[in-house]
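Trainee: So for the sequence shown, numbering that gives the first Met the number 0 puts the first residue at 0; every next one is plus one. Glycine is no exception: its CB is placed at the ideal position from the N, C-alpha and C atoms. For clarity, every value in this text was computed on a predicted model and none was experimentally measured. Sharing a structure, written as structure tokens. Questions coming.
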Amino acid sequence: MKRLVFNLVILLFVVLTAHSQGGMWLPNEISGKIEKEMKSFGLKLKAEKIYSEKNNSIKDAIVQFGRGCTGEIISDKGLLITNHHCGYGAIQRLSTVENNLFEKGYWAESYEKELPGKGLTVTFVEKIEDITDRVLNGAMEGMSNSALQSLVDKNIDRIKKETKTDPFQVLEISPFYNGNKYYLFYKKIYKDIRLAGTAPESIGKFGADTDNWVWPRHNADFALFRIYADKDNNPADYSPHNKPFIPKHSLPVSIAEKKEGDFTMVFGFPGRTSEYLPAVAVDMIANKIDPAITDIRGIALSIMDRYMREDAATKLKYASKYAGIANFWKKWIGESQGINQSGAVSKKREYEEEFINRIKTNPDKQIKYGDIISKMERLYEEFTPYSIAENMIDETFASNIDLMTIMSVSARLKSVFENNGEKAFNEFKSRLLPFVQNKYSEYNHDIDKEIFAALIKNYLNKSEEKFIPESIGGLKTDKEIEDFTDKIYSTAFSSFDNFKKVIDSTDSKWILSVFDKDAAFNFAMEINSLSDDKVAPYYNELKVQIDSLQKIYMKAQMEVFPEKKYFPDANSTLRITYGQINGYSPRDAVYYKPFTYVEGVMEKYKPGDYEFDLPAKYLEMMEKKDFGPYADKTGSVPVCFIGTNHTTGGNSGSPALDARGNFIGINFDRVWEGTMSDLYYDPKICRNIMADSRYILYLIEQFSGSKRLINEMKIVGK
Ligand code: ARG
Ligand code: GLU
């Protein structure tokens, strides 16, 4: 009887996991179960249309945009679309106060008017090769971590040297499945990238931080660039003689009807996921680390927000910093809630029990993996306090108090002088200055001071005794914290000018003496040594042990549950994920539909509110309602839609493709309830958010008033 129940449980499990959708797959490995599932979801293409080394395929239209985003080619003249928030830095650098492209938008009327974006790059993946055997050649069971690492490093060096490349090809080797597999990527990097068109921020970032990570959504998060190449279509630095790049493949843009249940796939460069961690790790992240970090950020953000609302200049100065801190603050709150709401930790625990049960009957696996879960639990128990401390210190002092960041980096001046002498000191000084200048350009002494006091109080309340620096250990009352804060903020380094006055001296001994006397500097030094002596050594040592055990656990899971699909965790390499257009129910009685419409933009419209204001021209368009071919059968234009594609940061700008590989939208976010998909993908509530191709075309055509860019696209579906 027992046996029967056991088998039934296994059977149930197999059935359940076989349908657990999710995953980000290497495009060269779409076959078997994956290809079958894609077809069952509605894919109408053969796998080699998606990725091929011999023939042109969809992958030839997908690029990594910069380092953290994706872009795709949508015309045979190298026109590229990515997110507005991915082009943000480039648009900022092309803007001046008088000619602010965030406010006005920009639409180039000709090739000549396309604006070179300094620092932009676009990377194509030409070929992907599994080179696991060569990288792990010589590895033996029982090898120490450091011996294995140096063997791997040596092999990688050799492989890179031995591999024949075409001119312009760059090689990259990345570990997959926690180091159980290695792949070699042949890439080509283009460097002359120009802005072809962008809507104003009020449209591209409509809803801003309030709507960020939230469904329903109403922004057109896109910008258009063009890749330029030399006369042979190869990468080249900017030159007026360069020509629009001719791609091997460009995506047709579809304006066909879409409906819930339609197949979608998202092709791009997802950054990082940790899908195969033990329950104990997910519990630590969701219930210890995320709350610690989000508390800190929440405190800093509310202080910044108050000052930003009081003063327009402060608002501008802090806008980008605020957006960056707020983006992940909001994401981690959602992640922690989602993990708890979906019961991810207990589901992982059940999975681990099943893992232990299965290997009980297999003596060989019992020896290899029998104690892996309990070992993980012990390691994480030891690791958790150090991980909390590491994150508390980093978030408090390195990320949210700028004076501490500046002082902590300046501390290296001292060690450079002591260890490497005057010349190295001067070199370091010149490298330090631009970094510091940049920091001070977004710095306000009073705001920083208030954040400092609030975060010190938080740190004292929440930290273990042994991680509290001596100089603040005795502070009991708010008054004492205030006095200490006054002392720190009487620093000689209250502005860039003041910093520069000191650092510009040619008398290095004097410079160091000013630092040595400075209260802020000394406190930063104290934090540095707290981190170096009491946290980092333990944190790092335990992390090495955890990582090497995770590598074994990864392999073990694949052996013990062979019926399950295993996609490699995201690591900024090219992946494809698939799903369907699908609404969701985040909580009892609530159901979110999968499409938003332009009427919804108008519902949110709030004149004068920087997040929800709209340009006059847009309002005119909404009066006219001349939607042309971009309306769907409801008569209105769809703005955004959601689907069950498993995406993460880095997928920003990725194309959403239909069953035949046409561009139907651009990925730019995930829904609040599903941001935990980096740790645990739950198909019930994890959704990615895409801006609809029809809204994008409608805006390009009617808002920009120029049909030039539309004319070069291949538009299908109507
Ligand atoms: N949450 C999206 C992504 O990580 C969009 C971020 C940009 N938009 C914003 N309102 N801050 O990264
Ligand atoms: N906005 C994210 C990015 O910049 C993508 C959304 C996500 O994390 O899924 O990559």
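Pull up the DSSP beta-bridge partners for F262, would you.
Mentor: Translated into positions along the sequence shown, residue 262 becomes position 263. DSSP lists Q579 as partners of F262.
Trainee: Exposed or buried, S341, counting other C-beta atoms within 10 Å across all chains shown (16 or more means buried)?
Mentor: Position 342 of the sequence shown, counted from the first residue, corresponds to residue 341. Residue environment for S341: buried (at least 16 other C-beta atoms within 10 angstroms of its C-beta).
Trainee: Straight-line CA distance for F434 to V408?
Mentor: Here the question's residue 434 lines up with position 435 in the sequence shown. Here the question's residue 408 lines up with position 409 in the sequence shown. One C-alpha to the other measures close to 9 Å.
Trainee: Would the beta-carbon of K48 fall within 7 Å of that of P26?
Mentor: Residue numbering aside, residue 48 sits at position 49 when the sequence shown is read from its first letter. Residue numbering aside, residue 26 sits at position 27 when the sequence shown is read from its first letter. No, they are not a contact pair.
Trainee: DSSP three-state label for S253, please.
Mentor: As a first step, residue 253 is located in the sequence shown; it is residue number 254 there, counting from the start. The answer is strand: DSSP assigns S253 an E or B state.
Trainee: Quick one: grab the DSSP three-state call for M689.
Mentor: Taking the first residue of the sequence shown as 1, we reach residue 689 at position 690. Residue state, collapsed to three classes: strand.
Trainee: Can you find the residues in the same chain that come closer than 6 Å, C-beta to C-beta, to I372, ignoring five residues on each side of it along the sequence?
Mentor: Along the sequence shown, one-based indexing puts residue 372 at 373. If we look at I372 and ignore the five residues flanking it on each side, its Cβ neighbours are E351.
Trainee: In the DSSP assignment, the beta strand (DSSP E) including Y182 goes from what residue to what residue?
Mentor: Taking the first residue of the sequence shown as position 1, residue 182 is located at position 183. Y182 -> beta strand (DSSP E) spans K180 to Y189.
Trainee: Please tell me whether H217 and G473 are closer than 7 Å, where the distance is taken between their beta carbons.
Mentor: Position 218 of the sequence shown, counted from the first residue, corresponds to residue 217. Position 474 of the sequence shown, counted from the first residue, corresponds to residue 473. No, the Cβ-Cβ distance between H217 and G473 is not below 7 Å.
Trainee: Please name the residue in T131, P166, S676 and F520 whose C-alpha comes closest to that of T404.
Mentor: Along the sequence shown, one-based indexing puts residue 404 at 405. Nearest C-alpha to T404: F520.
Trainee: Whole beta strand (DSSP E) runs in the segment 186–239 with 3 or more residues, listed along the chain?
Mentor: 191–197 and 222–228
Trainee: For K367, write down the residues that DSSP places opposite it in a beta bridge.
Mentor: Walking along the sequence shown from the start, residue 367 turns up at place 368. DSSP, once it has assigned bridges, lists no residue as partnering K367.
Trainee: Looking only at DSSP bridge pairs, what is L315 linked to?
Mentor: In the sequence shown, counting from the first residue as 1, residue 315 sits at position 316. According to DSSP, L315 bridges with nothing at all.
Trainee: Apply the 10 Å Cβ neighbour rule to N460 and answer buried if 16 or more other Cβ atoms are within range, or exposed otherwise.
Mentor: Stepping through the sequence shown from its first residue, residue 460 is reached at position 461. Per the 10 Å Cβ criterion, exposed.
Trainee: With hydrogens ignored, establish whether the beta-carbon of H84 is closer than 6 Å to any heavy atom of the ligand ARG.
Mentor: Here residue 84 refers to the residue found at position 85 of the sequence shown. Yes - the ligand ARG has a heavy atom lying nearer than 6 Å to the Cβ of H84.
Trainee: Along the chain, which unbroken stretches of the beta strand (DSSP E) at least 3 residues long are found entirely within the segment 62–114?
Mentor: 68–72 and 78–81
Trainee: Excluding the five sequence neighbours on either side, which residues of its own chain have a C-beta within less than 8 Å of the C-beta of I803, listed in chain order?
Mentor: The requested residue 803 is not part of the displayed model; the chain covers only 0 to 717.
Trainee: Count the CB pairs spanning the segment 228–242 and the segment 694–706 that are closer than 8 Å, and state whether there are at least three.
Mentor: Taking 8 Å as the limit for Cβ pairs, the verdict is that the segment 694–706 does not touch the segment 228–242.
Trainee: May I ask you to report which of helix, strand or coil DSSP gives L718?
Mentor: No information on residue 718 is available, as it lies outside the stretch 0 to 717 that the chain covers here.
Trainee: Quick check on DSSP: helix, strand or coil for D668?
Mentor: To locate residue 668, count along the sequence shown from 1; it is residue 669. Reduced to three states, the DSSP call for D668 is strand.
Trainee: What does Y591 pair with, by DSSP beta-bridge criteria?
Mentor: Within the sequence shown, residue 591 is the residue found at index 592, counting from 1. Note: Y591 sits in a beta bridge opposite Y583.
Trainee: Straight-line CA distance for N55 to H248?
Mentor: For the purposes of this step, residue 55 is identified with residue 56 of the sequence shown, where counting begins at 1. For the purposes of this step, residue 248 is identified with residue 249 of the sequence shown, where counting begins at 1. Whole-angstrom Cα-Cα distance: 6 Å.
Trainee: What span of residues does the alpha helix (DSSP H) with P561 cover, start to end?
Mentor: Within the sequence shown, residue 561 is the residue found at index 562, counting from 1. Segment: none, P561 is in no alpha helix (DSSP H) and carries neither H nor E.
Trainee: Can you tell me whether N6 is buried or exposed, with buried defined as 16 or more other CB within 10 angstroms of its CB?
Mentor: In the sequence shown, counting from the first residue as 1, residue 6 sits at position 7. Reliability of the predicted coordinates at N6 is poor, the pLDDT of 47 falling under 50, and the value obtained from them is presented with this limitation in mind. Around the beta carbon of N6, fewer than 16 other beta carbons sit within 10 angstroms, so the residue counts as exposed.
Trainee: Inspect the CB distances between the segment 62–77 and the segment 288–304 and report whether three or more fall short of 8 Å.
Mentor: no
Trainee: Where does the unbroken alpha helix (DSSP H) through E36 begin, and where does it stop?
Mentor: What you label residue 36 is simply residue 37 of the sequence shown in a count that begins at 1. Counting along the chain, the alpha helix (DSSP H) containing E36 begins and ends at G31 to F40.
Trainee: Taking C-alpha atoms, which residue in D691, E562, E540 and A658 lies nearest to K32?
Mentor: As a position in the sequence shown, residue 32 is number 33, starting the count at 1. Residue E562 is the option with its Cα nearest to K32.
Trainee: At what residues does the alpha helix (DSSP H) containing S409 begin and finish?
Mentor: What you label residue 409 is simply residue 410 of the sequence shown in a count that begins at 1. Unbroken alpha helix (DSSP H) run through S409: D401 to S440.
Trainee: What are the uninterrupted segments assigned as beta strand (DSSP E) that are 3 or more residues long and contained completely in the segment 604–666, given in chain order?
Mentor: 637–642 and 654–656
Trainee: Locate the beta strand (DSSP E) running through I127, then write down its first and last residues.
Mentor: As a working mapping, residue 127 is identified with position 128 in the sequence shown. Element bounds for I127: V121 to D129.
Trainee: Quick check on DSSP: helix, strand or coil for Q168?
Mentor: Start at 1 with the first residue of the sequence shown, and residue 168 comes out as number 169. Of the three classes helix, strand and coil, the one that applies to Q168 here is strand, per DSSP.
Trainee: I need the DSSP call for P290, collapsed to helix, strand or coil.
Mentor: Here residue 290 refers to the residue found at position 291 when the sequence shown is read from its first residue. Looking at P290 - three-state DSSP - the assignment turns out to be helix.
Trainee: Tell me the rounded alpha-carbon separation between I487 and M406.
Mentor: In the sequence shown, the residue the question calls residue 487 occupies position 488. In the sequence shown, the residue the question calls residue 406 occupies position 407. Roughly 11 Å separates the two Cα atoms.
Trainee: In three-state DSSP terms, what is R271?
Mentor: On the sequence shown, position 272 is the one that residue 271 refers to. DSSP, read as helix, strand or coil, puts R271 in coil.
Trainee: According to DSSP, simplified to helix, strand and coil, what is Y680?
Mentor: Counting from 1 along the sequence shown, the entry for residue 680 is found at position 681. Looking at Y680 - three-state DSSP - the assignment turns out to be coil, as it is neither helix nor strand.
Trainee: From the DSSP output, read off the bridge partner residues of I714.
Mentor: Residue numbering aside, residue 714 sits at position 715 when the sequence shown is read from its first letter. In the DSSP output, where bridge partners are listed per residue, I714 has V252.
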